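Engineer:
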Amino acid sequence: MLNIAHRVIALACLLLASGAVVRAQTPAADAAARVLVLPFDNTGGEARLHWLGEASAVLVTFTYTNCPMPTFCPLMDRNFVTIQNKLKAEKNELNVRLLTVSFDPATDTPAVLKKHAEKLGADPRIWSFLTGDRDAIDQWASRFGVSVSRAINDPRDITHNLRTAIIDRQGNLVQTYTGNEWNPDQVLADVRVMVGVD
Numbered sequence: 002m003l004n005i006a007h008r009v010i011a012l013a014c015l016l017l018a019s020g021a022v023v024r025a026q027t028p029a030a031d032a033a034a035r036v037l038v039l040p041f042d043n044t045g046g047e048a049r050l051h052w053l054g055e056a057s058a059v060l061v062t063f064t065y066t067n068c069p070m071p072t073f074c075p076l077m078d079r080n081f082v083t084i085q086n087k088l089k090a091e092k093n094e095l096n097v098r099l100l101t102v103s104f105d106p107a108t109d110t111p112a113v114l115k116k117h118a119e120k121l122g123a124d125p126r127i128w129s130f131l132t133g134d135r136d137a138i139d140q141w142a143s144r145f146g147v148s149v150s151r152a153i154n155d156p157r158d159i160t161h162n163l164r165t166a167i168i169d170r171q172g173n174l175v176q177t178y179t180g181n182e183w184n185p186d187q188v189l190a191d192v193r194v195m196v197g198v199d
């Protein structure tokens, strides 16, 4: 199983590689209280990702804003919008966080991600958007089974598959959804089972 601490460290490395400033707060006695501060998010400012202890589950997906296929990235966005709305309707009693990682940093700058998040109605208390160094993102995403290739003459011409994952409070990769056939109700049902709420 992938450990979320290792993945977050990897994400910090990819952001550092992109020239972004990444800093972690002073670690608390309880490792579950640690917070990683990342400058790439849906506000273009600093996103506090309470990646251990704070959330019962983190849902992660990989997209890019210029994806032209309605049943790929735009569908992942719509599914996350639905999940967010369902969580908010229940005051997020499941304590879930959503994380969208863009693998097109050349286009998906913080300003672009901010506008995209606003268009989707993303609530930064629940849903964060991140990007960083392209090659490091590709390597990090491959741990989830994401495969990305780019046209030689136009790196914005991207071919990719889809992966969405559930990570638990301990940082374990609990569930991976391949492709675009999963639905928000299915994912939330799996999260409920995982956190013991039915």
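Residue 162 in the numbering used here sits at position 161 of the sequence shown, with consecutive numbering throughout. Ideal Cβ placement from N, Cα and C applies to all residues, glycine included. The structure presented is a predicted model; accordingly, all values stated were derived computationally and were not measured.
(1) Identify every run of the beta strand (DSSP E) within the region 87–159, keeping only runs that are complete inside it and at least 3 residues long; order them along the chain.
(2) Whether or not the region 160–170 and the region 138–147 are in contact is what I'm after, with contact meaning three or more pairs of Cβ atoms, one per stretch, closer than 8 angstroms; do they touch?
(3) Where E119 and F130 are concerned, what is the direct C-alpha to C-alpha distance, given to the nearest angstrom?
(4) Under three-state DSSP, which class holds N181?
(5) How would you call Q85, buried or exposed, if buried means at least 16 neighbouring beta carbons within 10 angstroms?
(6) Please classify R157 as buried or exposed, where buried requires at least 16 neighbouring CB atoms within 10 angstroms.
(7) By the three-class DSSP mapping on this structure, what secondary structure does N173 have?
(8) Between which two residues does the beta strand (DSSP E) harbouring A58 extend?
(9) Within 10 Å of its beta-carbon, does T64 have 16 or more other beta-carbons around it, so buried, or fewer, so exposed?
(10) Out of I138, D169, P125, L60, point me to the one whose CA is closest to A107's CA.
(11) V198: which of D78, P75, M70, V97 sits nearest, CA to CA?
(12) Within its chain, find whatever has a CB closer than 7 angstroms to the CB of V175; leave out the 5 residues flanking it on each side and keep chain order.
(13) Applying the 10 Å Cβ sphere with the 16-neighbour rule, what's the burial state of S150?
(14) Just verifying my parser: in three-state terms, what is the DSSP assignment at T72?
(15) So is D78 buried or exposed if we call it buried at 16+ other beta carbons inside 10 Å?
Structural biologist: Working from what's here:
(1) Segments of the beta strand (DSSP E) lying fully in the region 87–159: 97–103, 128–131, 149–152.
(2) Output reads yes: the region 160–170 touches the region 138–147.
(3) In a straight line, the C-alpha of E119 is about 11 angstroms away from that of F130.
(4) The DSSP-derived three-state label of N181 is coil.
(5) Q85 comes out buried.
(6) Exposed is the call here.
(7) Of the three classes helix, strand and coil, the one that applies to N173 here is strand, per DSSP.
(8) 58–64 is the extent of the beta strand (DSSP E) around A58.
(9) By the neighbour-count rule (16 or more Cβ atoms within 10 Å), T64 is buried.
(10) Per the Cα distances, I138.
(11) The residue with the shortest Cα to Cα distance from V198 is V97.
(12) Same-chain partners within the cutoff: I167, I168, D169, M195.
(13) The residue in question, S150, is exposed, as its Cβ has fewer than 16 Cβ neighbours within 10 Å.
(14) Here T72 sits in coil by DSSP.
(15) Per the 10 Å Cβ criterion, buried.
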